[in-house]
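Trainee:
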Amino acid sequence: MRRVSAAADALESEPHDSRPRDARGRPGGIVYLSPLARTLIVPDVHGRIGFIRALLDHHISIDDQQLRVIDALRAGVVQVVFVGDYMHSEARGAERWRKAFAEFTGGYHRHRNMDHEMTENLTCLDAVIRLKSEFPANVTLLKGNHENITNEDANGNHSFRKFALEGVMVAAWMEKFYPIELIEQIDRVEKALPLLCVGDYFLVSHCEPVRFFPQQEVIEYRDRPEVTLGLTWTDNDEADPGSVSSMISRYLQIGPDAPDWSRCFYFAGHRPVPGRYLTRADGRFVQIHNPAAKILVEIVADYPIDLDRDIIEI
Numbered sequence: 001m002r003r004v005s006a007a008a009d010a011l012e013s014e015p016h017d018s019r020p021r022d023a024r025g026r027p028g029g030i031v032y033l034s035p036l037a038r039t040l041i042v043p044d045v046h047g048r049i050g051f052i053r054a055l056l057d058h059h060i061s062i063d064d065q066q067l068r069v070i071d072a073l074r075a076g077v078v079q080v081v082f083v084g085d086y087m088h089s090e091a092r093g094a095e096r097w098r099k100a101f102a103e104f105t106g107g108y109h110r111h112r113n114m115d116h117e118m119t120e121n122l123t124c125l126d127a128v129i130r131l132k133s134e135f136p137a138n139v140t141l142l143k144g145n146h147e148n149i150t151n152e153d154a155n156g157n158h159s160f161r162k163f164a165l166e167g168v169m170v171a172a173w174m175e176k177f178y179p180i181e182l183i184e185q186i187d188r189v190e191k192a193l194p195l196l197c198v199g200d201y202f203l204v205s206h207c208e209p210v211r212f213f214p215q216q217e218v219i220e221y222r223d224r225p226e227v228t229l230g231l232t233w234t235d236n237d238e239a240d241p242g243s244v245s246s247m248i249s250r251y252l253q254i255g256p257d258a259p260d261w262s263r264c265f266y267f268a269g270h271r272p273v274p275g276r277y278l279t280r281a282d283g284r285f286v287q288i289h290n291p292a293a294k295i296l297v298e299i300v301a302d303y304p305i306d307l308d309r310d311i312i313e314i
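Position one of the sequence shown corresponds to residue 1 (our numbering), numbered consecutively onward.
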């Protein structure tokens, strides 16, 4: 529980210059990334602890040196952005979810399958919050639509169901086997997660923006549930036409007619893709969530982003 509380403390005390405060003095929904030499964007995790381990062991080149990501974090020369969705195995665990549903309807008197699911989920959650606690300035955890430990249908969240009643099942399992204090601290972390990252020539959120969101709306996201909803739940073809280009133009201050427009990209996860990536919105919106692969975006400062070069499988 101490690690969860420490992560919540880190999220609730992020610097004003990188995460502007809302009207009540709370960190807002936007993170302005540092102009570091290297930025890594990590798509949906969904309980894949092997993905996180592969990320931390992955080698990157910094000043002609090959460093593991974990060592680069310790040296403060890389920043890592997770796009959210740390829990729920989804398709790879579909059969387990179906078996776990029978356990749920039986009151969890038997719970082997759900135990396996939740062991993966909580191991991943623990891993990312430890990274945030240990490297608060260099690790950004965005909120996805699966960050809803209490299964609320409010504050931009929906009760989640896909292969079973995942949201209800997770909430019931947590209430049965863990103290309410831990659940409250996880909820505290989830409520403090930002929604949007702004870097040099790129933006990152969990999903495609359902519409254009002005800066102040995103900063005030805690009191604007439609902002959380519109940056975590958008399906393919649900976004307003031009939402991506409007976000890029406003936040990166580069318009479609500018020479640097082709350098600008908006990265997100959420909807599964085959291969390493798919583009939408006239090539500006880049989806990177392949649940069957360990995809990583490596962005080097001062170098134009090349999707074929910079989106890799590790």
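Using N, Cα and C, we set each Cβ at its ideal position, and we do this for glycine too.
1) Using the Cβ count rule (16 or more neighbours within 10 Å means buried), how would you classify Ala166?
2) Does the count of Cβ pairs from the stretch 191-202 and the stretch 168-177 closer than 8 angstroms reach three?
3) For His331, which of Glu152, Thr123 and Gly144 has the nearest alpha-carbon?
4) What number of angstroms, rounded off, separates the C-alpha of Ser249 from the C-alpha of Ile49?
5) Taking Cβ to Cβ, would you say Glu103 is nearer than 7 angstroms to Met87?
6) Applying the criterion that 16 or more other CB atoms from any shown protein chain within 10 Å of the CB defines a buried residue, is Asp235 buried or exposed?
7) Among Cys124, Ile70 and Ile60, which one has its Cα closest to the Cα of Ile186?
8) Can you give me the C-alpha to C-alpha distance between Ala10 and Arg130, rounded to a whole angstrom?
9) Name, in chain order, the residues that DSSP records as bridge partners for Cys197.
10) Would you list the residues sitting across from Phe316 in a DSSP beta bridge?
11) Per DSSP, what are the beta-bridge partners of Phe82 in this structure?
12) Beta-carbon separation of Pro256 and Ser243 under 7 angstroms?
13) On the three-pair Cβ rule with 8 angstroms, is the stretch 275-295 touching the stretch 216-233?
14) Is it the case that the Cβ atoms of Val80 and Val139 are separated by a distance below 7 angstroms?
Mentor: Taking the structure as given:
1) Residue identity check: residue 166 is Glu in the sequence provided, not Ala. Buried, since its Cβ has 16 or more Cβ neighbours within 10 Å.
2) With the cut-off at 8 angstroms, the stretch 191-202 and the stretch 168-177 do not touch.
3) A question about residue 331 goes unanswered here, because the residues of the chain that appear run from 1 up to 314.
4) Their backbone Cα atoms lie some 36 angstroms apart in a straight line.
5) One thing to note: Glu103 has its Cβ no nearer than 7 angstroms to the Cβ of Met87.
6) By the neighbour-count rule (16 or more Cβ atoms within 10 Å), Asp235 is not buried but exposed.
7) Taking only the C-alpha atoms, the option nearest Ile186 is Cys124.
8) Each residue's CA atom was taken as its position, placing Ala10 and Arg130 some 11 angstroms apart.
9) Cys197 is bridged to Val31 and Val204.
10) The requested residue 316 is not part of the displayed model; the chain covers only 1 to 314.
11) Its beta-bridge partners are Val42 and Leu141.
12) Their beta carbons are not under 7 angstroms apart, which means Pro256 does not touch Ser243 by this criterion.
13) No, because fewer than three Cβ pairs between the stretch 275-295 and the stretch 216-233 fall closer than 8 angstroms, the two stretches do not touch.
14) Result yes, Cβ atoms of Val80 and Val139 sit closer than 7 angstroms.
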